[in-house]
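Participant: Letter by letter, the sequence shown follows residues 14 to 221 in my numbering. Quick reminder that beta carbons are idealized off the backbone N, C-alpha and C, glycines included. Please find one structure pasted underneath; my questions will follow.
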Amino acid sequence: KVNIPIIGGRLRHSFFSFRIINKGTYLNSDSLSFAIAALKLTAKRNLPLFEDFSDTKGVYPNPEQWVDNKVFINNNFPKNQPSKNVATFDGLDENGNAYSKFPTKAVADMLTSKGFDFTSYSLDDSIYFSFYYQYQLQGTTGQIYPTDSLYLEFKSNPNDKDSFEIVWQKSALDTLGYDTFNRVLMAVPAKFFHDDFQFRFKNIGSNP
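Written out as structure tokens, the structure reads:
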């Protein structure tokens, strides 16, 4: 594995491109081959990260900090919110359409961060992750379903885009107070201190 940082200078411009060249001395009868298993270009963010969505323009998350735009940024749904805006996991896609007939239990929305390089950190740095959440009764019945839940996941393998592990979850049935925001504070385990740390929230919704 080779990591090549591009942090400034003449390489950092809007028309950046790259090429891989093999140079060597060989005969016509020789055979030579290379295999590239994976290639990934990522723009890494630096700590600290603070996001309260108050500076977000429009209804989508800031693309400088988030890789998807499925959640709804607004100031209308929450109650007694600690900041101007929130990210609402409303079961609608980025175009405002309901996810097509998802079953009784299914992922309804996601919010995924961009990558962070955590290789220079250790447990002695005491990196903590904190956020606020609120469950709201919506719909015509206002009923809470046992499967309605919110999850927080951390990426465990920098070379596997799907290697997200659940580090926290909360059922709507266990959420206290529908007019207050609940705070979560947790230390980031050392196993996630790699060069492409990401986190994502997802909610499980019900469609009775």
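Could you check whether the stretch 160 to 169 touches the stretch 203 to 221, counting it as contact only if at least three pairs of C-beta atoms, one from each stretch, sit closer than 8 Å?
Facilitator: yes
Participant: Tell me the DSSP bridge mates of Q147?
Facilitator: In the DSSP secondary-structure assignment, Q147 is not bridged to any residue.
Participant: Going by DSSP, what residue range makes up the beta strand (DSSP E) through V180?
Facilitator: F177 to S184
Participant: Report the rounded CA-to-CA distance for D173 versus I140, giving the unit in angstroms.
Facilitator: D173 and I140 have their C-alpha atoms spaced approximately 23 Å apart.
Participant: Run through DSSP, which three-state label would P61 get?
Facilitator: coil
Participant: Under the three-state reduction of DSSP, which class applies to F142: helix, strand or coil?
Facilitator: strand
Participant: By how many angstroms is the C-alpha of E64 removed from the C-alpha of T153?
Facilitator: Low confidence applies here, because T153 scores a pLDDT of 47, under 50, leaving its location unreliable; read the following figure in that light. C-alpha separation (whole angstroms): 32 Å.
Participant: Go ahead and label P202 buried or exposed: buried means 16 or more other beta carbons lie within 10 angstroms of its beta carbon, across all protein chains shown.
Facilitator: exposed
Participant: In whole angstroms, what separates the C-alpha of F142 from that of F31?
Facilitator: 36 Å
Participant: Which same chain residues end up closer than 7 Å to S67 when comparing Cβ atoms and leaving out the 5 residues on each side of it in sequence?
Facilitator: S96, K97 and N98
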